[in-house]
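Participant:
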Amino acid sequence: MPNRHRPIPSREAGHLAAIALVAVALAAIPPFCPAQEPDLDEARSLFRAGAYSEAARLAGEAVRGFVWEEEWIRLKVAAELATGEDEAALASLQQGLSRFSASLPLLLFAPDVLRYNDGEEEIPAVLERVERLIRFAPERYDSAEGRVAAGRFFLLRGVDPKRVLDQFYDEAIHRQPDFVPAYLESARLALEKQDGALAAQTLARAPAEAADDPEYHALLALAFSEDDRARSAEEIDAALAINPNHVESLLLWADHLLEAERLDEASAILDRVLAVNPREQRAWAFRAVIAHLRNDPEGEADARLHALERWPNNPEVDHIIGRELSQKYRFAEGAESQRRALLADPDFLPAKLQRCQDLLRLGLEEEGWTLADEVFERDPYNVVAYNLVTLKDELDDYVVLEGDGLRVRMEPTEAELYGDRVLDLLGRARRTLQQRYGATVDEPVLVEVFPSKNDFAVRTFGLPGADGFLGVCFGRVITAISPAAQGANPSNWESVLWHEYCHTVTLARSRNRMPRWLSEGISVFEEGRENPGWAARITPHFRAKLLADDLTPLSGLSASFLAPESPMDLQFAYVESALAVEFLVERAGLDGLTGLLDDLAAGMPINEALPDRVGMSLNEIDARFLDFARDRARAANPGASWEEPDLPPDADSDAVRAWLDDHPGNIPGWRRLALRLIDEQRWEEAREAVRRLKELDPDDVGPENADLLLATIARNLDDPEAERRALEAVVSRDAGASGALLRLIELDEAGEDWARLAEHARQLLAVNPLIAAPHRSLARAAERLGQPGEAIEAYRDLALLDPTDPAEIHYRLASLLHDEGRLDEARLEVLKALEEAPRFRAAHRLLLEVVDERDGPSPTPDDPFDELDLLEPETEGARP
881 MPNRHRPIPS REAGHLAAIA LVAVALAAIP PFCPAQEPDL DEARSLFRAG
931 AYSEAARLAG EAVRGFVWEE EWIRLKVAAE LATGEDEAAL ASLQQGLSRF
981 SASLPLLLFA PDVLRYNDGE EEIPAVLERV ERLIRFAPER YDSAEGRVAA
1031 GRFFLLRGVD PKRVLDQFYD EAIHRQPDFV PAYLESARLA LEKQDGALAA
1081 QTLARAPAEA ADDPEYHALL ALAFSEDDRA RSAEEIDAAL AINPNHVESL
1131 LLWADHLLEA ERLDEASAIL DRVLAVNPRE QRAWAFRAVI AHLRNDPEGE
1181 ADARLHALER WPNNPEVDHI IGRELSQKYR FAEGAESQRR ALLADPDFLP
1231 AKLQRCQDLL RLGLEEEGWT LADEVFERDP YNVVAYNLVT LKDELDDYVV
1281 LEGDGLRVRM EPTEAELYGD RVLDLLGRAR RTLQQRYGAT VDEPVLVEVF
1331 PSKNDFAVRT FGLPGADGFL GVCFGRVITA ISPAAQGANP SNWESVLWHE
1381 YCHTVTLARS RNRMPRWLSE GISVFEEGRE NPGWAARITP HFRAKLLADD
1431 LTPLSGLSAS FLAPESPMDL QFAYVESALA VEFLVERAGL DGLTGLLDDL
1481 AAGMPINEAL PDRVGMSLNE IDARFLDFAR DRARAANPGA SWEEPDLPPD
1531 ADSDAVRAWL DDHPGNIPGW RRLALRLIDE QRWEEAREAV RRLKELDPDD
1581 VGPENADLLL ATIARNLDDP EAERRALEAV VSRDAGASGA LLRLIELDEA
1631 GEDWARLAEH ARQLLAVNPL IAAPHRSLAR AAERLGQPGE AIEAYRDLAL
1681 LDPTDPAEIH YRLASLLHDE GRLDEARLEV LKALEEAPRF RAAHRLLLEV
1731 VDERDGPSPT PDDPFDELDL LEPETEGARP
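The sequence shown begins at 881 in our numbering and counts up by one.
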């Protein structure tokens, strides 16, 4: 609030009307003659380095000395705002406008200055004044600086952002390519539209001297914040190296720390912000978030009040609070905060868009999609809003399957192919996991399966991308990508959905108050419990990371998910988190784990709840866990070594064998020897080498694991039983090994082992139900096993996949339906067979049988097939 000990112009007269009075008062003050004229370059350098008070002091000396350079006034106002000296900033602005009444850059300070001095209602008059100045003397603002200032003004007035970009910012760059502010404003506009890629591209074109400005690095940090956290951190460091007090960079750093659940460190960064500007509203909003996460409602309310002191109607305060809570999966609280922000300003689009996404993640779709339409209508250049409304049009064509507390939304063809399997799998997960964790899940749970990775990413994050994600759970809403979006080697979709439904259960038990590492760790842990083929494996890369000196302790695991150096490192975060859960279960039992979820639901921070449940201090927990994880890594391959053989690439098998004489436990060496012997077709020797490899590395699931090599050798030695045993071992460890399953299906069919064929076909359907092979094999096996219901469904699915032999498929389906007495369906299918192959004699016979049974005997006793004897063979048009 304003300091009433200093005169502030009355609202009746208006802040701007007081400028004339200030001008008269200034005329009566004797000129100030400093001993040495202030140096503008020095003041700029001080401001850029974050010495705001010193910059304001120098600017004050210059202004008192009547230095007629407008930039002194702008520098003074900016420095005073940066330190929260709002009344001084108002006085400086009034003084400056008395001298430079037509200055757009100065006038554009007015909205913030007036808001912070209880003069918000006067902002429209300022904007109208600016509009008159531009309209009546546009040539005055035809410089690069003038165009950038005019562009900022027109954005405030709601002018089409594309026009502003083209006619003002781009034109400024065209006229003066070295004018850095034009690049910064263009990037800022892109970021407002949530287009980080465009912002980064714009900044990449900026002149080299832009790198001397902390704002340049802060904008780059924001542009990379979502997709490249490591680069974002580098840019924050670069900005703070120039200006340790750069508030935008410090706030983004605090945001990153909050996301990593490093609350104490985030709080320390916020202390630095408030030391610069005790009235910085965003810092107080972040403090409210930290208090919320620490289950401190009084501290949260107090911080929010502080945040709103400077400008009580600032919608950004509650928007920040809600956005940060939503990052923690507290979508209900986040949506409520956005509602408060919209009460302060119903047109504040960031809050409206965030509330839209929160509601969609809560399954409250009607209001969520309505808000998406509203944002897009107001701002068609907002990338997230555009993506969402476009996706909604596609989702309208999806089908919804319901059952057992579930609503599954899928693309129609995929729903027909394996929608029932999705419902069955999720129903089993629901029963198993809710009983195991004693959780009650609000129903229905919405599960959406996308055949497009970009559609999945937009529904999940608002933007395309999301590399490395197969599914995401928000609680009662799960999104996943189908095998169609995963290329030639899709993951096991059953394991993905089991993993995500486990999140639904644990989030319900913890009231969405669990750290990411615990949530992911439990889900990975439960995958392995349900199916050993779904379990996470300690690969050589993971083994090396577990044994490294810098292994992340349990208390810091959530940060491992934020800035992984590679997709492999992200996968390692899941593996280490699962080990952490195993450690907790070993120490405290499953009851201790569920009790920990209850503690979190009650609001206890994880690092306070853990010691009570595990019975040791947090430091001791970290130390014991590191020992546990490293013991697991060592136990995975006892007596083995991993260094690569010091041999030339073309070394023959004898050279490799000689090297192994001195390194008998070396896994890469034995693998290399086996591959070389296979290349040389020395099959028996290769088999012995692979057996030794398997002794050293029995759990490997890589593309050259011992069992796959044994299968290759057995196939070349014409030993199908040995090949089968090896491939069965592969799929027992890796339920996504589609190549091994396809080969097992071939062996089953050749050996007419129908029971195994059915089982392997079902396993392959859990990996890729969008290819014909498993449906065809399951149909054949089910027929032979006397399971007509499953055979009918398999043939129906096969017919959807545009097979090469549609007539035969429809005929087989018609035969099964006929045998089951489903005559209308049989008639339809046999007609489809004849449509594909009109001279298919067996189909004609079947049609007559169906018609006779359905409608009575044919009135003609003659054999209707006599005339067909002169035609082509019976199976014309059909392939058995």
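For each residue, glycine too, the CB sits at the ideal point set by N, CA and C. Here the structure is a predicted model, which is why all the values come from computation and not from measurement.
Rounded C-beta distance between Y1063 and A1086? I'm assuming under 8 angstroms.
Facilitator: Here the question's residue 1063 lines up with position 183 in the sequence shown. Here the question's residue 1086 lines up with position 206 in the sequence shown. With a Cβ gap of about 4 angstroms, Y1063 and A1086 count as contacting.
Participant: Report the three-state DSSP secondary structure of R1393 (helix, strand or coil).
Facilitator: One-based indexing of the sequence shown puts residue 1393 at position 513. If DSSP states are grouped into helix, strand and coil, R1393 belongs with coil.
Participant: When burial is assigned at 16 or more other CB atoms within 10 Å of the CB, is D1259 buried or exposed?
Facilitator: Here residue 1259 refers to the residue found at position 379 of the sequence shown. Buried: at least 16 other Cβ atoms inside 10 Å.
Participant: Just reading off the alpha helix (DSSP H) that T1340 is part of, what are its end residues?
Facilitator: Within the sequence shown, residue 1340 is the residue found at index 460, counting from 1. K1333 to F1341 is the extent of the alpha helix (DSSP H) around T1340.
Participant: E1597 to V1730, Cα distance in whole Å?
Facilitator: Locating residue 1597 in the sequence shown gives position 717, counting from the first residue. Locating residue 1730 in the sequence shown gives position 850, counting from the first residue. Looking at the sequence shown, residue 1597 is not Glu but Leu. If I take the Cα positions, the gap works out to 50 angstroms.
Participant: Given 8 angstroms as the limit, is there contact between the segment 1526-1539 and the segment 1552-1568, that is, 3 or more CB pairs closer than that?
Facilitator: Flag = yes, the segment 1526-1539 and the segment 1552-1568 touch.
Participant: Please confirm if the segment 1318-1325 is in contact with the segment 1661-1681, defined as three or more CB-CB distances below 8 angstroms between the two stretches.
Facilitator: They do not touch, by the three-pair rule.
Participant: Tell me the rounded alpha-carbon separation between A1416 and D1492.
Facilitator: Mapped onto the sequence shown, residue 1416 falls at position 536. Mapped onto the sequence shown, residue 1492 falls at position 612. Going from the Cα of A1416 to the Cα of D1492 covers about 29 angstroms.
Participant: Can you check whether the CB of N1546 is closer than 9 angstroms to the CB of A1520?
Facilitator: Along the sequence shown, one-based indexing puts residue 1520 at 640. Along the sequence shown, one-based indexing puts residue 1546 at 666. Against a cut-off of 9 angstroms, the Cβ pair of N1546 and A1520 comes out as a contact.
Participant: Helix, strand or coil for A929 per DSSP?
Facilitator: Sequence index remark: in the sequence shown, residue 929 carries index 49 (1-based). Reduced to three states, the DSSP call for A929 is coil.
Participant: Select from D1685, F1228 and A1723 the residue whose C-alpha is nearest the C-alpha of L1696.
Facilitator: Along the sequence shown, one-based indexing puts residue 1696 at 816. Of the candidates D1685, F1228 and A1723, the one whose C-alpha sits nearest the C-alpha of L1696 is A1723.
Participant: Starting from C1353, follow its DSSP beta bridges and name the residues at the other end.
Facilitator: For the purposes of this step, residue 1353 is taken as residue 473 along the sequence shown, with counting starting at 1. For C1353, which the question treats as bridged, DSSP gives the partners I1358.
Participant: Which same chain residues end up closer than 8 angstroms to M1448 when comparing Cβ atoms and leaving out the 5 residues on each side of it in sequence?
Facilitator: Taking the first residue of the sequence shown as position 1, residue 1448 is located at position 568. Result list for M1448: H1421, in chain order.
Participant: To the nearest angstrom, how far is the alpha carbon of H1097 from that of L1477?
Facilitator: Walking along the sequence shown from the start, residue 1097 turns up at place 217. Walking along the sequence shown from the start, residue 1477 turns up at place 597. Cα to Cα, H1097 sits roughly 40 angstroms from L1477.
Participant: Under the criterion of a Cβ to heavy atom distance below 8 angstroms, does W1249 qualify as lining the ligand NAP?
Facilitator: Annotation note on the ligand NAP: not contained in the displayed structure, which lists no ligands.
Participant: Kindly indicate the opening and closing residues of the alpha helix (DSSP H) around E1002.
Facilitator: Walking along the sequence shown from the start, residue 1002 turns up at place 122. Element bounds for E1002: n/a, residue is neither H nor E.
Participant: Just the Cα atoms here: how many angstroms apart are Q1643 and E1663?
Facilitator: Start at 1 with the first residue of the sequence shown, and residue 1643 comes out as number 763. Start at 1 with the first residue of the sequence shown, and residue 1663 comes out as number 783. Answer to the nearest angstrom: the Cα atoms are 18 angstroms apart.
Participant: Can you tell me the Cβ-Cβ gap for Y1298 and P1649, rounded? I've got them flagged as a contact below 8 angstroms.
Facilitator: Reading the sequence shown from its first residue, position 418 is the one you call residue 1298. Reading the sequence shown from its first residue, position 769 is the one you call residue 1649. Their Cβ separation, rounded to whole angstroms, is 4 angstroms, which keeps Y1298 and P1649 in contact under 8 angstroms.
Participant: Less than 9 angstroms between the C-beta atoms of G874 and P1094, yes or no?
Facilitator: This structure cannot speak to residue 874, because the chain is shown only from 881 to 1760.
Participant: Report the three-state DSSP secondary structure of E949 (helix, strand or coil).
Facilitator: As a first step, residue 949 is located in the sequence shown; it is residue number 69 there, counting from the start. DSSP places E949 in coil when its eight states are reduced to three.
Participant: Just curious, the alpha helix (DSSP H) that V1465 is in, first and last residue?
Facilitator: Position 585 of the sequence shown, counting from 1, holds the residue named residue 1465. Where V1465 is concerned, the enclosing alpha helix (DSSP H) stretches over P1447 to A1481.
Participant: Just to confirm, is the Cβ distance from G1342 to L1268 under 9 angstroms?
Facilitator: One-based indexing of the sequence shown puts residue 1342 at position 462. One-based indexing of the sequence shown puts residue 1268 at position 388. Yes, they are a contact pair.
Participant: Could you please give me the residues that DSSP links to L1326 through a beta bridge?
Facilitator: Residue mapping note: residue 1326 aligns to position 446 of the sequence shown, counting from 1. DSSP output for L1326 lists R1287 and V1357 as bridge partner(s).
Participant: Should the segment 968-984 be called in touch with the segment 1158-1172, which here means at least 3 C-beta pairs below 8 angstroms?
Facilitator: Because the criterion of three Cβ pairs below 8 angstroms is not met, the segment 968-984 and the segment 1158-1172 do not touch.
Participant: Buried or exposed for R1043, please, with buried defined as at least 16 other CB atoms from any protein chain shown within 10 angstroms of its CB.
Facilitator: For the purposes of this step, residue 1043 is taken as residue 163 along the sequence shown, with counting starting at 1. R1043 should be labelled exposed.
Participant: Decide if the segment 1610-1620 is in contact with the segment 1365-1372; the criterion is three or more beta carbon pairs, one per stretch, under 8 angstroms apart.
Facilitator: Yes, the segment 1610-1620 touches the segment 1365-1372.
Participant: Using 9 angstroms as the threshold, is the C-beta distance between A1424 and L1437 below it?
Facilitator: Counted from its first residue, the sequence shown places residue 1424 at position 544. Counted from its first residue, the sequence shown places residue 1437 at position 557. Not a contact, by the Cβ cut-off of 9 angstroms.
Participant: Classify P1518: buried if its beta carbon has 16 or more other beta carbons within 10 angstroms, exposed otherwise.
Facilitator: Working through the sequence shown from its first residue, we reach residue 1518 at position 638. The residue is exposed, with fewer than 16 neighbouring Cβ atoms inside 10 Å.
Participant: Do Y932 and N1125 have their beta-carbon atoms positioned less than 9 angstroms apart in this structure?
Facilitator: For the purposes of this step, residue 1125 is taken as residue 245 along the sequence shown, with counting starting at 1. For the purposes of this step, residue 932 is taken as residue 52 along the sequence shown, with counting starting at 1. Yes, they are a contact pair.
Participant: Taking the beta carbon of V1280 as the centre, do at least 16 other beta carbons fall within 10 Å, making it buried, or is it exposed?
Facilitator: On the sequence shown, position 400 is the one that residue 1280 refers to. It counts as exposed.
Participant: Could you give the distance in angstroms between the alpha-carbon of Q1047 and the alpha-carbon of P1683?
Facilitator: Taking the sequence shown and counting its residues from 1, the one referred to as residue 1047 is at position 167. Taking the sequence shown and counting its residues from 1, the one referred to as residue 1683 is at position 803. Taking the straight line from one Cα to the other gives about 56 angstroms.
Participant: Going by the DSSP bridge assignment, what does V1647 pair with across the sheet?
Facilitator: In the sequence shown, residue 1647 corresponds to position 767, counting from 1. Per DSSP, none; premise fails for V1647.
Participant: Could you spell out where the alpha helix (DSSP H) holding I1418 opens and where it closes?
Facilitator: For the purposes of this step, residue 1418 is identified with residue 538 of the sequence shown, where counting begins at 1. I1418 -> no alpha helix (DSSP H), and no H or E assigned at all.
Participant: Just tell me which of R1109, L1188 and E1115 has its CA closest to the CA of A1084.
Facilitator: Here residue 1084 refers to the residue found at position 204 when the sequence shown is read from its first residue. Comparing Cα-Cα distances from A1084 to each of R1109, L1188 and E1115, the minimum goes to E1115.
Participant: Rounded to whole angstroms, what's the CA-CA distance from H1379 to R1391? Just pull it up for me.
Facilitator: What you label residue 1379 is simply residue 499 of the sequence shown in a count that begins at 1. What you label residue 1391 is simply residue 511 of the sequence shown in a count that begins at 1. Using only the alpha carbons, I get a separation of about 18 angstroms.
Participant: Comparing C-alpha positions only, which one of Y1049, L1069, R979 and D992 sits nearest to P1192?
Facilitator: The residue you call residue 1192 lines up with position 312 of the sequence shown. It is D992 whose Cα lies nearest to the Cα of P1192.
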